[in-house]
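Right, one structure below, let's go through it.
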Amino acid sequence: MVVRLFMRQFQHNLIRQLKRYSKRAALKGERLESQWETVIGLEIHAQISAKSKLFSGSGTTFASPINSMVSFFDASLPGTLPAGYQITQQRCPLAKDGHVEYLAPDEVHRKLVLKRARLTQLQLEQDSGKSLHDVEMSHSLIDLNRAGIGLMEIITEPEFCSAVEAASFVRELQLILQVIGVCDGKMEEGSLRVDASVSVRRPSEPLGIRSEIKNLNSIRHLMRSIEFETLRQISILESGGQVLNETRAYDVETGETVSMRDKERLHDYRFMAEPNLPPLRLYTNDTVPNGVPSDQIINVDELRAMLPELPNAKRERLKKQYGLSVEHSNVFVNEPTLLECFEKIVANQNLQNVKIASNICINEVLAAVNKKNIAFSASNLSAESVGELVELVQDEVISLLTLRKILEVLLQDSSKLPKQVIEERGWHQVSNETALENICCQVIAANPKVVDDYRDGKTKVFNYLIGEVQKKLSGQSNVKAVVRIMKQKLDT
Amino acid sequence: MFAANIKQVAALMQNGQLSAKDLCELCIKRMKRIKELNVFITEMPDLALNSACAADRRIKNGSGDILEGIPIAFKDNFSTAGIRTSCASRMLKGYVPPYNATVVEKLISRGSVLMGKTNMDEFAMGCGSVDGAFGPVRNPWKYRFEATRRDRPGAAQSSPSAARIADRGRQFHSASPSQCLDVEADDSAEWFIAGGSSGGSAVSVASGAVLAALGSDTGGSTRNPASYCGVVGLKPTYGLLSRHGLIPLVNSMDVPGILTRSVDDAVVILNALAGHDPKDSTTVFEPFKPCALPDVASIKGLKIGIPQEYHAPGLSSDMKDSWQHVADIVENAGATVKRVSLPHTALSIVCYHVLCACEVASNMARYDGLEYGHRAKDESSTESLYAASRHEAFNNVVRGRILAGNYFLLKQNYDRYYVQAQRVRRLISQDFWNTFRSGIDILLTPTVLGDAPSYRWFSKADNRTRTQEQDVFTQPANMAGIPAISLPVALSSNGLPLGLQLLGQPFKEQQLLTAAKAIEQLVNFRALDFDKLLYCD
């Protein structure tokens, strides 16, 4: 769902941008779109969900008052070890040469397909403090709340070929980290930040010169900045210029990337080994040494066994277990509380058709909460009440129209259950044969011309007649029954 | 009193013959008398008296801790809560740490009385204790105190007093070598350097202002002044003592050093300090077994190696003779003495310079004038504020090392300098492992080239040149992390103390200190008679 949404924005944006740049190209009688490939590599900084910083006991709470999460160590007081510089695992990362499988929409058919991103490395790193120079007042301000917070730095190979692909990968990574519980993934709070290096080339040519867009803090910004950057680079190259290898920032207001030339270019960080930290050793079942206390040993195999079900496995299971589509299983994986609700309903009820439950969860319930701009988990809708809705629809007690009305009520007042709402408001579906027959007769009598049309073979008008019946019963009629009765009446 | 060791003094306090307060007052008196030696950057007589009285109360209430009431001093690079810790730098002239270094905490919590913070080279970068913002430390040996000078005919009454110079130094008069020389040009007295960079701590012990002092040892900074001042200087194995709160010079080589008048005293302090500290990940987990030395130590059966590479150019004949002499007497006492080779010794000092500069460049990055420390007026941009603060507050030695380190660490230089130096460091360490594996227990070497140089001579060359000369024998132990001790063995022909160094195997302090005590008993070195010096009778 999320990805699709962005896909639309992507294309809208792309068209707008392309128009702008195409004007120039058009003057030269060229067509741009098919002549360039984008190559994207990502560097992700994910804040480790820990109560304390990497090497100090200070808290990590977001939006704490300035400099309130700072220990002696974080302020790098003389003699606190190892402090006073940023620490990273540049030379010996925790892991190398990994991969992540993720779903991304096929650009042509918009179908979700499984793709694989290769990870160059995964390493620990410390976050840095913030400094701000006030030119007017001529003084420097500093906030060390973030200084020393533990980060996972995840670097991908430069292999994504579109903004959508890059965004889909980041979404999947965000999910994985959330499921494992190592990062809350809140991009808006800076818990997950992305740097994208972007270059363009003509097909089958070597990689072009890349620029790096720093500190993207939403998937939308990631996509837009990549789109902009792609087109910017194409337009430079098309007009005979050269792309600079530089660091750029994304301007949210204008939707453009801007050079950070002075700040970060050609920075030599002058790395050196940190002697204050003994090596962090990782073991497997085969390499665990004897006689070392187990609390001093990190066994990767043991940790792996403790992993919860990862998103990809979950999608596969949902497809197999419930026969869900890729799209539906993907939505559920992105909405873990909704999935929990769905699985509860399926387990509690003897459902003839699981599809009714998944359709109601996704097409009705999720759509309703999305419309209200809240998360399902925040909606207070219980599995019990959603389950009741599913049951009511399945048993043809209510129509989908009524269901939507009930949802409206429940989202206002979650203390009630659907049946109660129906009871109170008299929203029972009218299934009574004679009542429905009467209404059908009334509609036929009131619309002689339409009935004639129908009988002359214009069967399209049939739906109009059904609609008239629905109107009379405020949408509470059993549509199936109405259709059957109406057909009977008209055809005889 | 000033000839007794810690154990004896503690016994006197325990049986009521001496109160901690009386002892403290004696030390304060001594501290005042040696003011012109410029030993302390911060003196705390009132605080000391308070803690001494508290120690007396605890002793009365039954505390039998050997450290109760024992006067001690810390080099001014150990963080002391509520007490300025300057590293003898303008950068930290107003810096008061909010916490105690682990070693400080350990001694204070045992009842020792903190008398003051001692003078040093700025950020411990030096080997003479002459390059600090508070002026040079003077060696008490053969020092002619003002009181004694004034009585002598011909002494110029009008010459500026050394005490006043020291006071001015304390107020941050520039201590650049040229200006110090100007000052000295007026000073008729020739005096000797204390060695460094822990010169203040060594002199505080040698002069009897305290019974024990802590220095730091990165390339010999504890052993070098111990040798020049005639006291014992112990550099424990890297990882045995916590560095938490010790303001770092070179993280992979720094260790807290112990300065005392006897090996027994060094053992008392070592036993109080050794052990794992969660705040220093490089301290070892293995529980420390306290050292216990016999009353009469024996060196019988020990295999002692004499590394031939330590017959270095510039070794004084006095030092060479003492070395030979001690080698002979330990052999006579039943040890096996054997010539050994540590082939990479000569590379050590160059290697050290690269590694030290690299770590300094990175360690000093924290001093930006924002969180604490000297802050310049130039706030036109954050970068210019950094630059101005650092330029104003670091002396040229510190700035030089930062510059060199940043050069060595540049991408294009990294492998040629930093990585190469790390490789050489491994070779130097392996020299020691190979020697110990061949059956040698302990190595015997000179600590430094000779006796203490005069300030006049010493200040003729720059810090870098002097460090290269002075650290040559002490420095390899820091490369390898092994324990080492300097102990006074004789007086030179000039009447100044000479120290020899014993190098031991990692974490075998017990063996090293037993051997040191045996030699101490064999050579029977006579400590500085301070009263004689002060009153010149």
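So the protein lines, in turn, are chains A and B.
Mapped onto the numbering used here, the consecutive letters of the first sequence carry residue numbers 1 to 492.
Mapped onto the numbering used here, the consecutive letters of the second sequence carry residue numbers 493 to 1029.
From the three backbone atoms N, C-alpha and C, an ideal C-beta is built for every residue, glycine too.
Thinking C-alpha only, which one of the options is nearest residue i?
| i | options | result |
| --- | --- | --- |
| A/Q349 | A/L222, A/V369, A/V386 | A/V386 |
| A/V100 | A/I155, A/Q429, A/E340, A/L77 | A/I155 |
| B/K524 | B/S690, B/C619, B/A701, B/T828 | B/A701 |
| B/S840 | B/V501, B/A972, B/P740, B/I821 | B/A972 |
| A/E256 | A/G240, A/R224, A/S239 | A/R224 |
| B/L1031 | B/K634, B/R636, B/F780 | The question about residue 1031 of chain B has no answer here: the residues shown for chain B are numbered 493 through 1029. |
| A/I494 | A/G57, A/L124, A/G41 | It is not possible to answer for residue 494 of chain A, since the shown part of chain A is limited to 1 through 492. |
| B/Q912 | B/A580, B/C721, B/C843, B/A540 | B/C843 |
| B/A718 | B/D1021, B/M583, B/V981, B/V1015 | B/V981 |
| A/Q357 | A/L403, A/L144, A/K372 | Contrary to the premise, residue 357 of chain A reads as Ala rather than Gln in this sequence. Looking at the Cα atoms, A/L403 is the closest of the given residues. |
| B/D769 | B/A705, B/G608, B/V596, B/K795 | B/V596 |
| B/I520 | B/S511, B/L541, B/L504, B/I533 | B/L541 |
| B/V818 | B/R550, B/G797, B/N592, B/A784 | B/G797 |
| A/A196 | A/L175, A/V354, A/C161 | A/C161 |
Identify every residue that forms a DSSP beta bridge with residue i.
| i | result |
| --- | --- |
| B/R630 | B/I685 |
| B/F532 | B/T610 |
| B/S978 | B/G725, B/Q993 |
| A/G323 | Paired residues: none, contrary to the question. |
| A/N299 | A/Y283 |
| B/T752 | B/A704, B/V724 |
| B/L983 | B/P989 |
| B/R831 | B/I798 |
| B/P589 | Answer is none; B/P589 lacks a bridge partner. |
Examine chain B for any beta-carbon lying closer than 9 Å to the beta-carbon of residue i, and answer yes or no.
| i | result |
| --- | --- |
| A/R270 | yes |
| A/L77 | yes |
| A/P158 | no |
| A/N276 | yes |
| A/Y85 | yes |
| A/P418 | no |
| A/S131 | yes |
Alpha carbon to alpha carbon, how far is residue j from residue i? Give it in angstroms, no decimals.
| i | j | result |
| --- | --- | --- |
| A/R425 | A/D491 | 35 Å |
| A/H428 | A/V397 | 7 Å |
| A/K489 | A/L410 | 38 Å |
| B/N602 | B/E560 | In the sequence under discussion, the amino acid at residue 602 of chain B is Arg, which differs from the Asn named in the question. Straight-line Cα distance between these residues: approximately 6 Å. |
| B/R948 | B/W683 | 8 Å |
| A/T61 | A/K51 | 8 Å |
| A/K480 | A/R248 | 60 Å |
| A/I149 | A/T38 | 34 Å |
| A/Q296 | B/T710 | 30 Å |
| B/F570 | B/V846 | 25 Å |
| B/N855 | B/D514 | 42 Å |
| B/K771 | B/P748 | 15 Å |
| B/S578 | B/R867 | 15 Å |
| A/G41 | A/I209 | 13 Å |
| B/A648 | B/V964 | Unreliable positioning characterises B/A648 in this predicted model, as indicated by a pLDDT of 43, which lies under 50. The coordinate reading is nonetheless provided below. One C-alpha to the other measures close to 39 Å. |
| A/N215 | B/Q1003 | 57 Å |
| A/I466 | A/S199 | 57 Å |
Let me see if you follow: with CB-CB separation under 9 Å, is residue i close to chain A or not?
| i | result |
| --- | --- |
| B/F664 | No answer about B/F664 holds up, because its pLDDT of 49 lies below 50 and its placement is not dependable. |
| B/P590 | yes |
| B/P740 | yes |
| B/S946 | no |
| B/F886 | no |
| B/G797 | no |
| B/A789 | no |
| B/F780 | no |
Could you tell me how far apart the beta carbons of residue i and residue j are, in whole angstroms, since I believe they sit closer than 8 Å?
| i | j | result |
| --- | --- | --- |
| B/E778 | A/S138 | With 8 Å as the limit, B/E778 and A/S138 do not qualify as a contact, their Cβ atoms being about 54 Å apart. |
| B/S754 | B/N497 | 5 Å |
| B/D693 | B/T828 | Here the sequence assigns Ser to residue 693 of chain B, which means Asp is not the residue at that position. The pair is not a contact, with the Cβ atoms about 35 Å apart (cut-off 8 Å). |
| B/M583 | B/Y878 | Not a contact, Cβ separation roughly 12 Å. |
| B/A976 | B/Q993 | 6 Å |
Is residue i near the ligand SAM, with its Cβ less than 8 Å from a heavy atom?
| i | result |
| --- | --- |
| B/L1020 | Judged by which ligands are present, the structure shown has none, so any question about the ligand SAM falls away. |
* Give the residues from the stretch 885 to 911 of chain B that approach chain D closer than 7 Å (Cβ to any Cβ), ordered along the chain. => Looking for chain D here will not work: the only protein chains present are A and B.
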